[in-house]
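J.:
There are 2 protein chains.
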Amino acid sequence: MNKIEAAQLADLALGSVFLATGGGGDPHIPQLIAEQAIEKYGPVTVIQPQDVADDALVVSIGGVGAPTVSLELLPSIDETSRTLSAFEAHIGRQVDAVASFEIGGGNSLIPLVAAVGKGIPVIDGDGMGRALPEAQMMSYAIAGIKPTPAVACDYAGNQCAFTTSSTEVYERHIRSFAMAAGGMITAAEHPMSGAELKRSIIPGTLSFSIELGRTLRENRGQVGQLLEPLKQVFEKSIYGECRLIYQGKVIDKATRIVGGYDIGEATIQNFDGQGENLNLSIKNEYLLARVGEAVVASVPDLIVIVDYETGTPINAERLRYGHRVAVFAIGCPDFYRSEEALRVVAPRCFGFDLDYIPLEQL
Amino acid sequence: MNKIEAAQLADLALGSVFLATGGGGDPHIPQLIAEQAIEKYGPVTVIQPQDVADDALVVSIGGVGAPTVSLELLPSIDETSRTLSAFEAHIGRQVDAVASFEIGGGNSLIPLVAAVGKGIPVIDGDGMGRALPEAQMMSYAIAGIKPTPAVACDYAGNQCAFTTSSTEVYERHIRSFAMAAGGMITAAEHPMSGAELKRSIIPGTLSFSIELGRTLRENRGQVGQLLEPLKQVFEKSIYGECRLIYQGKVIDKATRIVGGYDIGEATIQNFDGQGENLNLSIKNEYLLARVGEAVVASVPDLIVIVDYETGTPINAERLRYGHRVAVFAIGCPDFYRSEEALRVVAPRCFGFDLDYIPLEQL
Numbered sequence: 627m628n629k630i631e632a633a634q635l636a637d638l639a640l641g642s643v644f645l646a647t648g649g650g651g652d653p654h655i656p657q658l659i660a661e662q663a664i665e666k667y668g669p670v671t672v673i674q675p676q677d678v679a680d681d682a683l684v685v686s687i688g689g690v691g692a693p694t695v696s697l698e699l700l701p702s703i704d705e706t707s708r709t710l711s712a713f714e715a716h717i718g719r720q721v722d723a724v725a726s727f728e729i730g731g732g733n734s735l736i737p738l739v740a741a742v743g744k745g746i747p748v749i750d751g752d753g754m755g756r757a758l759p760e761a762q763m764m765s766y767a768i769a770g771i772k773p774t775p776a777v778a779c780d781y782a783g784n785q786c787a788f789t790t791s792s793t794e795v796y797e798r799h800i801r802s803f804a805m806a807a808g809g810m811i812t813a814a815e816h817p818m819s820g821a822e823l824k825r826s827i828i829p830g831t832l833s834f835s836i837e838l839g840r841t842l843r844e845n846r847g848q849v850g851q852l853l854e855p856l857k858q859v860f861e862k863s864i865y866g867e868c869r870l871i872y873q874g875k876v877i878d879k880a881t882r883i884v885g886g887y888d889i890g891e892a893t894i895q896n897f898d899g900q901g902e903n904l905n906l907s908i909k910n911e912y913l914l915a916r917v918g919e920a921v922v923a924s925v926p927d928l929i930v931i932v933d934y935e936t937g938t939p940i941n942a943e944r945l946r947y948g949h950r951v952a953v954f955a956i957g958c959p960d961f962y963r964s965e966e967a968l969r970v971v972a973p974r975c976f977g978f979d980l981d982y983i984p985l986e987q988l
Numbered sequence: 627m628n629k630i631e632a633a634q635l636a637d638l639a640l641g642s643v644f645l646a647t648g649g650g651g652d653p654h655i656p657q658l659i660a661e662q663a664i665e666k667y668g669p670v671t672v673i674q675p676q677d678v679a680d681d682a683l684v685v686s687i688g689g690v691g692a693p694t695v696s697l698e699l700l701p702s703i704d705e706t707s708r709t710l711s712a713f714e715a716h717i718g719r720q721v722d723a724v725a726s727f728e729i730g731g732g733n734s735l736i737p738l739v740a741a742v743g744k745g746i747p748v749i750d751g752d753g754m755g756r757a758l759p760e761a762q763m764m765s766y767a768i769a770g771i772k773p774t775p776a777v778a779c780d781y782a783g784n785q786c787a788f789t790t791s792s793t794e795v796y797e798r799h800i801r802s803f804a805m806a807a808g809g810m811i812t813a814a815e816h817p818m819s820g821a822e823l824k825r826s827i828i829p830g831t832l833s834f835s836i837e838l839g840r841t842l843r844e845n846r847g848q849v850g851q852l853l854e855p856l857k858q859v860f861e862k863s864i865y866g867e868c869r870l871i872y873q874g875k876v877i878d879k880a881t882r883i884v885g886g887y888d889i890g891e892a893t894i895q896n897f898d899g900q901g902e903n904l905n906l907s908i909k910n911e912y913l914l915a916r917v918g919e920a921v922v923a924s925v926p927d928l929i930v931i932v933d934y935e936t937g938t939p940i941n942a943e944r945l946r947y948g949h950r951v952a953v954f955a956i957g958c959p960d961f962y963r964s965e966e967a968l969r970v971v972a973p974r975c976f977g978f979d980l981d982y983i984p985l986e987q988l
């Protein structure tokens, strides 16, 4: 895939919301902005990580904040390009390509807007292979890329430039700026050379999202019919096994914005009311799924909720009482099962008192 | 006064804590750092605002955070000069002189450290004529100086550069950075030309603090003996009337760190236990003094608490149950009684449902 056309954005949004495991931000407004940008500038050029020059300058760009806020505090139309321009002004050099923080709804679309406006390519890949709530959980950070120089802009054009060598410190600083700016901002961060990109990015997730989105669209309908096509798509991918782990009705959902994250829980009950409920723990993303006391899937593996009747993935900020849903779990890319990655993304990093067991062994 | 020697720092700390009206940060560690800097580089050059070239570049520098934190999260020895250097690197130009945010304990001493290390002068004056809790309350901001480019550093050298045209927005951003960095940071902000400095600074407060500190030192002893010398010092100054408004014992004091400020109240009871108590409202500084329902002094006038036996001023973060104290009130400089200033520093700006009445009319 060399180009992304406007007509592919709906599939990209659909597929990337699936991979976002509840987070990543609502894609609706970013999709409209991306459509407008492509109409103005033409299709987005996509480049494979291995085709990026080793000495090229790549920066990752996306939204930071509590996804709930993305439903109300809409990005301004030029927020993305303004952020990239402010980043270039700050470092005194032009950027050669942009990459995603995470494959996730809004955050899959924002880099496209930045790229097309500047006439530079977007990288086919991302920094998580899913969505995760904190900056140090990105593959770039795990692979040792420094988070700064980084620049963030809010909807009104107010800016903040960060300098630190620790992504954990950066996460505190950028998160507090997001909160001070109303809950959601756009950031350009983790600048890296092409060589660094190649050893840190989760490759191919942009084109995979479009393929996944097409599968979801073409098999739109009750979840039973979706499972086989989904399994086939994931089988050929960098992801692990795809399992349907639960079906039922949301009987409880509560999140609060705490420290700039959406934090809370959801409970899903079997359609027949028999057997044990599925309990989900949420920090922006769906992190842990338990049926009774038994863990059925946990971060960094993907937990995905889709509408039972249509197979449309549902972001955590849109999940609500009464939703009839199916819950999928998908093994994460191997990168996130390494010792280095699990040091920052294992269940304990989120306060859950349990070890990570890969989905396939559960 | 053309120079500040190490021997004058104790008087400066004493006088500026008096003018700080409870805030401004504890001066002990900044005084030690300033002594060391003067020992290394020689006395600090002081320049009067009117002697600054109109096209000179001046920046204000100081600590931002909750003063309580300044007792525990100590500044690193090179935090001040590192902040100024980071500011110069950010704007790509050297600074010609530095000024204080506020005359107040630590924040009177920090600019001296920055100045002497760079071999540039410090301005005789400050941006408040006292201490006040928020950036938009500075005379620089009231006179229309933009808050940014501004750069802040924490004790560990992590940096943040801010860009906004609104000091209210800047205050939110810098405060949230201070909180994220542990509660106290050093900032260089409100850069201005010499011409802008002349129309916005509260002049002469650095030399006045030293004179005031000397008066406090030479008249150290029970408050009754201090009142007359104090009145004489203030009579020749830009400040209004100096009144002794209460004497007694602290019977209650409670502050919490809320949103990066120390917020709370203190109650002082007459020594004889008769009559009504004095109630003080605190937001970093002592803002409102009431005896029963009657307002006896309010912001922007100065409310100052001193130790009853020695006349030593007591910062809010050090005030505690059982302290025997005297409470002074001093009319603020005329600048702060203007309509423009009262728009941001009147009692209502702090949530008190009352109009400002100058001390002399109470």
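So the protein lines, in turn, are chains A and B.
The opening residue of the first sequence carries number 627 in the working numbering; numbering runs sequentially from there.
The opening residue of the second sequence carries number 627 in the working numbering; numbering runs sequentially from there.
Cβ coordinates follow ideal geometry from the N, Cα and C atoms, glycine included.
Only a predicted model underlies this, so the values are computations on that prediction, with no experimental measurement involved.
1. Taking the straight line between their C-alpha atoms, what separation do you get for Q848 (chain B) and Y947 (chain B)?
2. With 8 Å as the C-beta to C-beta threshold (strictly closer), list the residues of the stretch 793-810 of chain B near chain A in chain order.
3. For the alpha helix (DSSP H) containing N733 (chain A), list its first residue and its last residue.
4. Indicate the three-state DSSP secondary structure (helix, strand or coil) for K857 (chain B) in the structure shown.
5. Would you mind reading off the limits of the beta strand (DSSP E) that contains F788 (chain A)?
6. Should the stretch 939-946 of chain A be regarded as contacting the stretch 873-887 of chain A, the criterion being three or more beta carbon pairs within less than 8 Å?
7. Straight-line CA distance for V922 (chain B) to P653 (chain B)?
8. What distance in whole Å lies between the Cβ atoms of A955 (chain B) and I929 (chain B), which are believed to be in contact at a cut-off of 8 Å?
9. Which residues of chain A have a Cβ atom closer than 9 Å to the Cβ of Q762 (chain B), listed in chain order?
10. Is N810 (chain B) helix, strand or coil when you go by DSSP?
11. From the beta carbon of T790 (chain B), is the nearest beta carbon of chain A less than 8 Å away?
12. Between C786 (chain A) and chain B, is any beta-carbon pair separated by less than 8 Å?
13. Whole-angstrom Cβ separation of A787 (chain B) and H799 (chain A), contact assumed at under 8 Å?
14. Work out the CA separation of Q851 (chain B) and M754 (chain B) for me, nearest whole Å.
15. State the start and end residues of the unbroken beta strand (DSSP E) segment that holds A776 (chain A).
16. May I ask you to report which of helix, strand or coil DSSP gives F897 (chain B)?
17. Tell me which residues share the same chain as E705 (chain B) and place their Cβ nearer than 7 Å to its Cβ, disregarding the 5 neighbours each side in the sequence.
18. Which of the three DSSP states, helix, strand or coil, is assigned to H949 (chain B)?
19. Alpha carbon to alpha carbon, how far is E631 (chain B) from K666 (chain B)? Give it in angstroms, no decimals.
20. Touching or not, the stretch 813-833 of chain A and the stretch 909-916 of chain A, by the rule of three or more beta carbon pairs under 8 Å?
21. Helix, strand or coil: which one does DSSP assign to L823 (chain A)?
22. Report whether the distance from the Cβ of P959 (chain B) to the nearest heavy atom of the ligand ADP is below 7 Å.
23. With I931 (chain B) as the anchor, note down where its beta strand (DSSP E) starts and where it stops.
24. Buried or exposed, going by whether 16 or more other CB atoms sit within 10 Å of the CB of G885 (chain B)?
25. Kindly indicate the opening and closing residues of the beta strand (DSSP E) around G691 (chain A).
26. Within the continuous beta strand (DSSP E) that includes Q762 (chain A), where are the two ends?
27. Please classify Q657 (chain A): is it buried, with 16 or more other beta-carbons within 10 angstroms of its beta-carbon, or exposed?
28. Per DSSP, R882 (chain A) is paired with what?
29. Could you work out which residue in B:S765, B:P701, B:E698, B:A967 is closest to I729 (chain B) when comparing CA atoms only?
30. What residue range is occupied by the uninterrupted alpha helix (DSSP H) comprising I609 (chain B)?
31. Checking the sheet assignment: what are the DSSP bridge partners for E815 (chain B)?
32. Among the residues of its own chain, which have a CB less than 6 Å from the CB of P829 (chain A), if the five just before and after it don't count?
33. Between the Cα of E965 (chain B) and the Cα atoms of B:Q858, B:T789, B:I768, B:P775, which residue gives the shortest distance?
T.: Judging by the given coordinates:
1. One-based indexing of the second sequence puts residue 848 (chain B) at position 222. One-based indexing of the second sequence puts residue 947 (chain B) at position 321. Approximately 20 Å between the Cα atoms of the pair.
2. Result list: V795, R798, H799, R801, S802, F803, M805, A806, A807.
3. Locating residue 733 (chain A) in the first sequence gives position 107, where the first residue counts as 1. Per DSSP, N733 (chain A) belongs to the alpha helix (DSSP H) from 732-744.
4. By one-based count along the second sequence, residue 857 (chain B) stands at place 231. In the structure shown, K857 (chain B) sits in a helix (DSSP, three-state: H, G or I).
5. Sequence index remark: in the first sequence, residue 788 (chain A) carries index 162 (1-based). Its beta strand (DSSP E) spans residues 785-789.
6. Counting C-beta pairs closer than 8 Å gives three or more between the stretch 939-946 of chain A and the stretch 873-887 of chain A, which meets the contact rule.
7. Walking along the second sequence from the start, residue 922 (chain B) turns up at place 296. Walking along the second sequence from the start, residue 653 (chain B) turns up at place 27. If you take the alpha carbons of V922 (chain B) and P653 (chain B), they lie about 28 Å apart.
8. For the purposes of this step, residue 929 (chain B) is taken as residue 303 along the second sequence, with counting starting at 1. For the purposes of this step, residue 955 (chain B) is taken as residue 329 along the second sequence, with counting starting at 1. Correct: roughly 6 Å between the Cβ atoms.
9. Mapped onto the second sequence, residue 762 (chain B) falls at position 136. For a Cβ distance threshold of 9 Å, nothing in chain A lies close to Q762 (chain B): the least Cβ distance comes to about 15 Å.
10. Walking along the second sequence from the start, residue 810 (chain B) turns up at place 184. Checking the sequence, you will find Met at residue 810 (chain B) rather than Asn. In the three-state DSSP reduction, M810 (chain B) falls in the strand class (E or B).
11. Translated into positions along the second sequence, residue 790 (chain B) becomes position 164. By this cut-off, T790 (chain B) is an interface position.
12. Along the first sequence, read from residue 1 onward, the residue named residue 786 (chain A) stands at position 160. So yes, C786 (chain A) belongs to the interface.
13. Here residue 787 (chain B) is taken as the residue at index 161 of the second sequence, counted from 1. Here residue 799 (chain A) is taken as the residue at index 173 of the first sequence, counted from 1. Not confirmed; about 11 Å, so no contact.
14. Residue mapping note: residue 754 (chain B) aligns to position 128 of the second sequence, counting from 1. Residue mapping note: residue 851 (chain B) aligns to position 225 of the second sequence, counting from 1. Going by C-alpha positions, M754 (chain B) is about 29 Å away from Q851 (chain B).
15. Along the first sequence, one-based indexing puts residue 776 (chain A) at 150. That run of the beta strand (DSSP E) goes 776-779.
16. Mapped onto the second sequence, residue 897 (chain B) falls at position 271. Residue state, collapsed to three classes: coil.
17. Your numbering for residue 705 (chain B) matches position 79 in the second sequence. For E705 (chain B), where only same-chain residues beyond five positions count, the Cβ hits under 7 Å are C779, Y781, T812.
18. Residue 949 (chain B) sits at position 323 when you count from the first residue of the second sequence. In the structure shown, H949 (chain B) sits in coil (DSSP, three-state: anything other than H, G, I, E or B).
19. As a position in the second sequence, residue 666 (chain B) is number 40, starting the count at 1. As a position in the second sequence, residue 631 (chain B) is number 5, starting the count at 1. So the two alpha carbons sit approximately 12 Å from each other.
20. Taking a contact to require three or more Cβ pairs closer than 8 Å, the stretch 813-833 of chain A and the stretch 909-916 of chain A do not qualify as touching.
21. Taking the first residue of the first sequence as position 1, residue 823 (chain A) is located at position 197. Of the three classes helix, strand and coil, the one that applies to L823 (chain A) here is helix, per DSSP.
22. The model depicted lacks the ligand ADP and carries no ligand whatsoever.
23. Taking the second sequence and counting its residues from 1, one reaches residue 931 (chain B) at position 305. First-last of the beta strand (DSSP E) with I931 (chain B): 928-933.
24. Taking the second sequence and counting its residues from 1, one reaches residue 885 (chain B) at position 259. Under the 10 Å beta carbon count, G885 (chain B) is surrounded by fewer than 16 other beta carbons and is classified as exposed.
25. Taking the first sequence and counting its residues from 1, one reaches residue 691 (chain A) at position 65. Its beta strand (DSSP E) spans residues 683-691.
26. Residue numbering aside, residue 762 (chain A) sits at position 136 when the first sequence is read from its first letter. Taken as a continuous stretch (DSSP letters only), Q762 (chain A) belongs to no beta strand (DSSP E), as it is neither H nor E.
27. On the first sequence, residue 657 (chain A) is found 31 positions in, with the first residue counted as 1. Burial call: buried.
28. Numbered from its first residue, the first sequence carries residue 882 (chain A) at position 256. Note: R882 (chain A) is bridge-paired with A:I889 in the DSSP secondary-structure output.
29. In the second sequence, the residue the question calls residue 729 (chain B) occupies position 103. With distances taken between Cα atoms, I729 (chain B) lies closest to B:S765.
30. This structure leaves residue 609 (chain B) out entirely; chain B is present only between 627 and 988.
31. Taking the second sequence and counting its residues from 1, one reaches residue 815 (chain B) at position 189. DSSP lists B:S686 as partners of E815 (chain B).
32. Position 203 of the first sequence, counting from 1, holds the residue named residue 829 (chain A). P675, G751, listed in sequence order.
33. Position 339 of the second sequence holds residue 965 (chain B). Among B:Q858, B:T789, B:I768, B:P775, the Cα nearest to that of E965 (chain B) belongs to B:I768.
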